[in-house]
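Trainee: First, the structure itself, so that you have it in front of you.
Residue numbers (this note's numbering): 20 to 115.
If you want it as structure tokens, here you go:
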């Protein structure tokens, strides 16, 4: 019985470390050993606020790399908030 409990604790702690806390949340990236050079592609991407994450589409087992800019993420957040507000406000037409 003790082995079973120990195995369960080890498994759960490994899962907690490997997976983000919420769906869509990405873990904090490790700090880069050296900063990108001023004229490099990485420096331009960092200046534009480009963030790349690996997301698994619904119905697939294979994650894909998705890169978005800060403006795209702000637009997605605004769209999500607007959709949530519409769902919570109820129907526009009251049935008779």
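Glycine included, each C-beta is placed from N, C-alpha and C at the ideal position.
Taking 6 angstroms as the limit between beta carbons, can you name the residues of its chain near residue 97, skipping five residues before and five after?
Mentor: Excluding positions up to five away in sequence, the list is empty.
Trainee: Just the C-alpha distance for residue 79 and residue 109, rounded to the nearest angstrom, thanks.
Mentor: Going by the C-alpha atoms only, they are around 33 angstroms apart.
Trainee: Nearest-angstrom Cα distance between residue 92 and residue 73?
Mentor: Cα to Cα, the separation comes out at about 15 angstroms.
Trainee: Just the Cα atoms here: how many angstroms apart are residue 89 and residue 115?
Mentor: Their backbone Cα atoms lie some 45 angstroms apart in a straight line.
Trainee: Do you know how far the Cα of residue 84 is from the Cα of residue 71?
Mentor: Cα to Cα, residue 71 sits roughly 7 angstroms from residue 84.
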